[in-house]
Amino acid sequence: MTVHVLIPAAGSGRRMGTDINKQYLFLGDRPVLAHTLSLFEKHPAIDKITLIVPLQELDFCREEVVERYRFSKVQAVIAGGKERQDSVRNGLQACGADADDVVLIHDGARPLLPPDVVDEAIAAVQRCGAALVAVPAKDTVKEVEDGMVVKTPDRSRLWLAQTPQAFRYQLIASAHEKAYKEAYQATDDAQLVEWLGKPVAIVSGSYCNLKITTPEDLLLAESFLRQVDEEE
Ligand code: C5P
Numbered sequence: 001m002t003v004h005v006l007i008p009a010a011g012s013g014r015r016m017g018t019d020i021n022k023q024y025l026f027l028g029d030r031p032v033l034a035h036t037l038s039l040f041e042k043h044p045a046i047d048k049i050t051l052i053v054p055l056q057e058l059d060f061c062r063e064e065v066v067e068r069y070r071f072s073k074v075q076a077v078i079a080g081g082k083e084r085q086d087s088v089r090n091g092l093q094a095c096g097a098d099a100d101d102v103v104l105i106h107d108g109a110r111p112l113l114p115p116d117v118v119d120e121a122i123a124a125v126q127r128c129g130a131a132l133v134a135v136p137a138k139d140t141v142k143e144v145e146d147g148m149v150v151k152t153p154d155r156s157r158l159w160l161a162q163t164p165q166a167f168r169y170q171l172i173a174s175a176h177e178k179a180y181k182e183a184y185q186a187t188d189d190a191q192l193v194e195w196l197g198k199p200v201a202i203v204s205g206s207y208c209n210l211k212i213t214t215p216e217d218l219l220l221a222e223s224f225l226r227q228v229d230e231e232e
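Residues in the sequence shown are numbered consecutively from 1, following this note's numbering.
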């Protein structure tokens with residue numbers, strides 16, 4: 001069995017308010033995306049990485065990230081699509097996985113994933129076919145319409161979805177193909193498997209595993225990174 005990682009990194013990063021795509025901003029000594037790739041390059045359970053970036057950034061990313069930091073597990077750098085779901089589908093088609101292989105899908109913008117969560121996600125896929133890393137909601141969540149609260153879901157049952165999300169290749173590839181044919185849009189990959197009526201296990205993630213989206217996320221990530229460096 002081969003373990004693949006797909007890294008969707010083909011977003012525009014507009015919410016960061018910078019000219020440069022957020023994933024090339026430096027976090028400590030290297031770009032955000034290089035931290036994300038390092039994590040899997042160093043992880044013994046990971047065999048192959050497929051990186052998905054905007055079409056116009058293919059050369060830049062190959063030269064300034066993959067070659068510069070010598071990521072030897074990156075077998076392909078390919079172009080993404082309009083939505084994240086399109087980018088992941090491109091990655092699934094390009095990665096060359098066999099039906100029973102495990103595929104982890106992890107956002108390029110999440111550079112601080114603890115390595116043991118990767119092991120737990122792979123183990124959960126072996127038990128159940130699909131797994132999702134998540135953390136319990138700390139805040140109360142409100143459902144709102146036209147500026148008015150319509151519902152307060154029971155917080156003790158709410159988890160916030162992160163990545164990686166991990167699957168047997170055949171399951172996630174068929175879910176993406178069906179969604180494409182039927183124009184079904186989900187906000188994460190696990191939702192496509194849920195839509196097929198298949199079980200998805202929860203793996204406990206970390207509140208440090210934040211997605212760098214807005215400028216304050218970068219500040220937080222810098223302080224988490226300093227703490228990790230001090231512990232090592
Ligand atoms: O936009 P959002 O922050 O939800 O994106 C999550 C991840 O998906 C990011 O790493 C981003 O680069 C990636 N993405 C993608 N293709 C898109 C949009 C987002 O690969 N069209």
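Idealized CB from N, CA, C, for every residue including glycine. Keep in mind the model is a prediction, meaning the values are calculated, not measured.
query	result
Kindly indicate which residue of His-106, Gln-227, Tyr-69, Val-200 has the alpha-carbon position closest to the one of Arg-84.	His-106
How would you call Leu-196, buried or exposed, if buried means at least 16 neighbouring beta carbons within 10 angstroms?	exposed
Looking only at its own chain, which residues have a Cβ that is under 8 Å from the Cβ of Lys-42, when we skip the five neighbours before and after it?	Pro-115
Return the chain-ordered list of same chain residues with a C-beta closer than 6 Å to the C-beta of Val-203, the five sequence neighbours on each side being excluded.	Glu-120, Ala-121, Ala-124, Ala-131, Val-133
Is the stretch 201-217 close to the stretch 170-180, with three or more CB pairs under 8 Å?	no
Quick one: grab the DSSP three-state call for Glu-145.	strand
Is Arg-70 near the ligand C5P - that is, is its Cβ less than 6 Å away from at least one heavy atom of it?	no
Please identify the residue among Cys-128, Ala-94, Leu-225, Val-66 whose C-alpha is closest to the C-alpha of Val-193.	Cys-128
Does at least one heavy atom of the ligand C5P sit under 6 Å from the Cβ of Pro-8?	yes
Curious, which full-length beta strand (DSSP E) runs of at least 3 residues does the stretch 21-84 contain?	48-53, 74-79
For Arg-127, report the span of its alpha helix (DSSP H) as first-last.	115-128
According to DSSP, is Lys-151 part of a helix, a strand, or is it coil?	strand
According to DSSP, is Arg-226 part of a helix, a strand, or is it coil?	helix
In this structure, how does DSSP classify His-106 when only helix, strand and coil are distinguished?	coil
Report the rounded CA-to-CA distance for Ile-78 versus Ala-10, giving the unit in angstroms.	9 Å
Name the one or two DSSP bridge partners that Ile-7 has.	Leu-51
Suppose you measure from the CA of Thr-50 to the CA of Val-5; what does that come to, to the nearest Å?	6 Å
Of all the options Lys-151, Leu-33, Thr-214, which has the alpha carbon lying nearest to the alpha carbon of Glu-143?	Lys-151
State the beta-bridge partners of Arg-168 as determined by DSSP.	Val-102
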